[in-house]
Amino acid sequence: MITENTIAAISTPLGRGGIAVIRVSGKDAIAIAERVFRSSHGGEVRKFPSHTVHHGLVVAPNSQEPLDEVMLTVFRAPNSYTGEDVVEISCHGGVFVSQKVLEAVLEAGARLADPGEFTKRAFLNGKIDLVQAEAVADLIQASTERSHQEAFQQLRGGLSDQINAVRNSLVDMLALMELELDFSQEDVEFLDRQEIEERLRRSIEELDKLIASYQRGRFLREGAKITIVGRPNVGKSSLLNALLGMERAIVDETPGTTRDAIETQLDIKGVLFRVIDTAGLRQAKNRIEKKGIAITEFHIEDADVVLFLLDASEGVTRADEKIWQQVERLSQKRREMFPAKIIIVGNKIDLGNQLTKGSFDPEMGKWPLVLVSAKTLTGIPQLNETIFKAVFDERWERGDAVITNVRHLQALQKARQHLGFALETLKQGLSTEFAVVDIKGALEQLGAIVGQTTPEEVLDRIFEQFCIGK
Ligand SMILES: Nc1nc2c(ncn2[C@@H]2O[C@H](COP(=O)(O)OP(=O)(O)OP(=O)(O)O)[C@@H](O)[C@H]2O)c(=O)[nH]1
Ligand SMILES: [Mg+2]
12 MITENTIAAI STPLGRGGIA VIRVSGKDAI AIAERVFRSS HGGEVRKFPS
62 HTVHHGLVVA PNSQEPLDEV MLTVFRAPNS YTGEDVVEIS CHGGVFVSQK
112 VLEAVLEAGA RLADPGEFTK RAFLNGKIDL VQAEAVADLI QASTERSHQE
162 AFQQLRGGLS DQINAVRNSL VDMLALMELE LDFSQEDVEF LDRQEIEERL
212 RRSIEELDKL IASYQRGRFL REGAKITIVG RPNVGKSSLL NALLGMERAI
262 VDETPGTTRD AIETQLDIKG VLFRVIDTAG LRQAKNRIEK KGIAITEFHI
312 EDADVVLFLL DASEGVTRAD EKIWQQVERL SQKRREMFPA KIIIVGNKID
362 LGNQLTKGSF DPEMGKWPLV LVSAKTLTGI PQLNETIFKA VFDERWERGD
412 AVITNVRHLQ ALQKARQHLG FALETLKQGL STEFAVVDIK GALEQLGAIV
462 GQTTPEEVLD RIFEQFCIGK
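Those letters in the sequence shown? Residues 12 to 481, per this note's numbering, in order.
So, in structure tokens, the structure goes:
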């Protein structure tokens, strides 16, 4: 794509520095440079080969007044950042002098660039995709080792490659499915259903991995939230103390000891977790207890992992069953479509064990069971291990792409949902036609991430957030 205008901006930060760079991009970049540059070796800019650097003076095009001594670099289309002809003028890094050089370039026919316009052109000319363009902005913003690493990996195309691999596999499959629909009268099968289902499952797995990477990033930054829940006196506060290795919460044989939620930080294998001890759930006896229970409910809803605590020596009681229903309901109402994980913990194992997975309600039986004693510390290392595993998938490998952008996350979740529907359609033996619609929907979402099918206003919003000169 060739844009009409040639744009220019100071690409280095405003202020004093050793050097300032004025960047010019567009079809007239070379001609404009010719008007403002006097080479010290006498050459003409239009004859400079691509990727060469030249010493000389910048002059005001009308008055011919010399403004600064500079180095000028030429990049010819398409081998430049934007894909257009680009000239970069490195002048002395003063606010006034760099402004003068910019003015000379504007006087010679360039227009002042909008924020992010160079990167937008790079995107429109196919030099980078949208994920990479966003990574440019993130890299500039990055202020920690981790955010730098993540942005740089996205800039290198790691995330785009993973998304494009899924897109390509879906496009291939879609082509065959549509062909089959065209020949539907003749009863030909180009791809057997089993094969389609298998491919869909693999694509879903890839998307799930990417989606999970977003949450993992949040866990590493903020710490996953672990809420300990159970009826009064099962040993929630004792368990918190056992996990921490210190007496943080008050423990007492009177049921209803903990009124308020207590939050502490826990380190497992060098990773931060936030653990919340809550007021035991029961029919509240007074106003204060009612408030405590409302707070407990909030922490169940907000948890990444719920530790559902039982008294192993007593088995599952009626009261436990009621709380279980509450835990199930609240923990699935999660933000960002990430339902909480649950771990069933049987405490007081030193007093005996009445718990077996067979005696659980089938929904409860799906979750891991860990038997511990908060008193003797039996089983605490295993519980740590189970918590860690619930939060950090072992399939996670260093160097895997990481989602950090909410726009990407939402598109991936929508794509994942479409593929889930498509798979369901096929499993129920319905017409492939319905599955085709969902696969197309998924492709639309994935295309929007890399910038293939992104609406104009979304593009504008993305590039507006850039600084001028990038
Ligand atoms: N034998 C034995 N007793 C325990 C164990 N864990 C807790 N207890 C005892 O159980 C009683 C209640 O413990 P807490 O930790 O206060 O129980 P809680 O669930 O926090 O109770 P509330 O705050 O009232 O909801 C105390 O007397 C503890 O000493 C255990 O593993 N073994
Ligand atoms: Mg307590």
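A virtual CB, placed ideally from N, CA and C, is assigned to each residue, including glycine.
For clarity, every value in this text was computed on a predicted model and none was experimentally measured.
- Remark: fewer than three beta-carbon pairs, one from each stretch, lie closer than 8 Å, so the stretch 213-223 and the stretch 253-271 are not flagged as touching.
- Assigned with DSSP and collapsed to three states, PRO72 falls in coil, not helix or strand.
- Look at the beta carbons and you see the stretch 240-258 touching the stretch 354-365: at least three pairs across the two are nearer than 8 Å.
- Take GLY303, set aside five residues on each side of it, and the residues of its chain with a beta-carbon closer than 7 Å to its own are ARG270, ASP271, ALA290, in chain order.
- The beta carbons of VAL338 and VAL240 sit closer together than 7 Å.
- A buried status is given to LEU113, since no fewer than 16 other beta-carbon atoms sit within 10 Å of its beta-carbon.
- Here HIS310 is buried: its Cβ has 16 or more other Cβ atoms, across all protein chains shown, within 10 Å.
- Put simply, of LEU434, ALA422, GLY431, ARG122 the residue whose alpha carbon is nearest the alpha carbon of LEU457 is ALA422.
- Rounded to the nearest whole angstrom, the C-alpha separation of LYS301 and LEU292 is 9 Å.
- Put simply, the backbone Cα of LEU430 is about 15 Å away from that of LEU420.
- Cβ-Cβ distances below 6 Å link PHE445 to THR436 in the same chain, with the five nearest sequence neighbours on each side left out; the list follows chain order.
- Using a Cβ-Cβ distance cut-off of 8 Å, the stretch 76-90 and the stretch 100-116 are in contact, since at least three pairs of beta carbons, one from each stretch, lie closer than that value.
- Counting the other Cβ atoms within 10 Å of the Cβ of GLU467 gives fewer than 16, which makes it exposed.
- Looking at the DSSP output, GLY67 shares a beta bridge with SER50, VAL81.
- Unbroken beta strand (DSSP E) runs of no fewer than 3 residues, entirely contained in the stretch 356-400, are found at 380-382, following chain order.
- According to the DSSP assignment, PHE477 belongs to no alpha helix (DSSP H), since it is labelled neither H nor E.
- Our two residues, ARG49 and LEU123, have alpha carbons roughly 22 Å apart in a direct line.
- Proximity of the beta carbon of LYS302 to ligand 2 is not indicated: no heavy atom of the ligand is located closer than 6 Å.
- The beta carbon of GLU208 sits closer than 8 Å to those of LEU434, LEU437, LYS438, all from its chain and outside the five residues before and after it, given in chain order.
- The alpha-carbon of SER442 is positioned some 46 Å away from that of LEU320.
- Excluding its 5 nearest sequence neighbours in each direction, ASN252 has C-beta neighbours in its own chain below 8 Å: GLU258, ARG259, ALA260, VAL262, ALA385, listed in chain order.
- Membership of LYS236 in the beta strand (DSSP E) is indicated by the continuous run 235-241.
- Straight across, the Cα-Cα distance linking ALA162 with GLY462 is about 17 Å.
- In this structure, ligand 1 has a non-hydrogen atom nearer than 6 Å to the beta-carbon of LYS359.
- A residue is called buried once 16 or more other Cβ atoms fall within 10 Å of its Cβ, and VAL469, having fewer, is exposed.
- Per the C-alpha coordinates, the member of ILE151, GLU233, ASP278 positioned closest to LEU255 is ASP278.
- Taking 6 Å as the cut-off, one finds at least one heavy atom of ligand 2 near enough to the beta carbon of LYS247.
- Relative to ligand 2, the nearest heavy atom lies less than 6 Å away from the CB of THR269.
- A Cβ-Cβ separation of about 6 Å places SER214 in contact with SER180 under the 8 Å criterion.
- Every beta strand (DSSP E) of 3 residues or more that sits fully in the stretch 220-304 is shown, in chain order, as 235-241, 273-279, 282-288.
- Judged by DSSP in its simplified three-state form, LEU181 adopts helix.
- DSSP links SER101 through a beta bridge to VAL32, MET82.
- With a cut-off of 6 Å, the C-beta of ALA385 is classified as near ligand 1, since at least one heavy atom of the ligand falls inside that distance.
- Sequence-distant Cβ neighbours of VAL35 in its own chain, meaning closer than 8 Å and more than five residues away, are THR17, ILE18, ALA19, ILE43, ALA44, VAL97, VAL98, GLU99, ILE100, VAL116, ALA121.
- Checking the 6 Å criterion, the Cβ of PRO266 is within range of a heavy atom belonging to ligand 1.
- Setting aside the 5 residues that flank it on each side, LYS111 is surrounded in the same chain by LEU78, each with a C-beta closer than 6 Å to its C-beta; the list follows chain order.
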